[in-house]
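Trainee: With our numbering applied, the sequence shown covers 8 to 126.
In this text, a Cβ means the ideal position worked out from N, Cα and C, and glycines have one as well.
These figures come from a predicted structure and were not determined experimentally.
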Amino acid sequence: MADLVTLLKAVSSFVWGGPALALVAIMTIVGIGMGAVLPPRDLMIRAMTPPGQSGKVFGFVFVGYAVGASLTPLFFGWLLDRGSPALVFFLTAVFLVAALAAITAARRLASRMPQFTGP
Numbered sequence: 008m009a010d011l012v013t014l015l016k017a018v019s020s021f022v023w024g025g026p027a028l029a030l031v032a033i034m035t036i037v038g039i040g041m042g043a044v045l046p047p048r049d050l051m052i053r054a055m056t057p058p059g060q061s062g063k064v065f066g067f068v069f070v071g072y073a074v075g076a077s078l079t080p081l082f083f084g085w086l087l088d089r090g091s092p093a094l095v096f097f098l099t100a101v102f103l104v105a106a107l108a109a110i111t112a113a114r115r116l117a118s119r120m121p122q123f124t125g126p
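1. Identify whether T56 lies in helix, strand or coil by the three-state DSSP scheme.
2. Which ranges does the alpha helix (DSSP H) cover as unbroken runs of at least 4 residues, wholly within the stretch 26-73, from first to last along the chain?
3. Please report the Cβ distance between I52 and V74, rounded to the nearest whole angstrom; I am assuming they are in contact, meaning their Cβ atoms lie under 8 Å.
4. In three-state DSSP terms, what is S77?
5. Could you check the C-alpha separation between G66 and D88 for me, to the nearest Å?
6. Less than 7 Å between the beta carbons of G94 and L86, yes or no?
7. What first and last residue would you give for the alpha helix (DSSP H) that runs through S118?
8. Give me the Cα-Cα distance between P46 and I39, rounded to the nearest whole angstrom.
9. Closer than 6 Å to a non-hydrogen atom of the ligand GTP - does that hold for the CB of G40?
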């Protein structure tokens with residue numbers, strides 16, 4: 008019984024102290040941030056989607072998001088391993104500017120398209 012108590016104390020001190028607690032705090036902040044960003048993104052996509060095309064558009068967006076979220080850490084990790092941390096920040100800025108340009112272009116194209124009034 009004493010071994011079990013010692014094991015529980017060791018596990019709880021690791022889980023609730025030090026790096027594990029910091030990880031929980033960081034992941035909580037990330038979750039709150041994602042919860043704040045994803046709904047407006049979905050509303051923007053829905054507003055710019057042509058009638059009858061929402062499935063295709065959402066599929067394209069979510070696949071692109073998943074591919075980018077899985078490949079970007081590998082690429083940026085490779086850059087860090089090569090000793091180029093400044094390049095990581097530079098490329099992040101380039102990708103953000105490209106994303107803003109894409110959103111601006113999509114809004115302009117959506118405003119030029121005729122509005123669907125229904126059957």
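Mentor: According to the structure data:
1. coil
2. Fully contained in the stretch 26-73 are the following alpha helix (DSSP H) runs of length 4 or more, in chain order: 26-55.
3. Cβ-Cβ separation between I52 and V74: approximately 17 Å, too far for a contact (criterion under 8 Å).
4. helix
5. 33 Å
6. The question names Gly, but residue 94 in the sequence shown is Leu. A contact, by the Cβ cut-off of 7 Å.
7. Its alpha helix (DSSP H) spans residues P92 to R119.
8. 12 Å
9. With respect to the ligand GTP, the structure offers nothing, as it holds no ligand at all.
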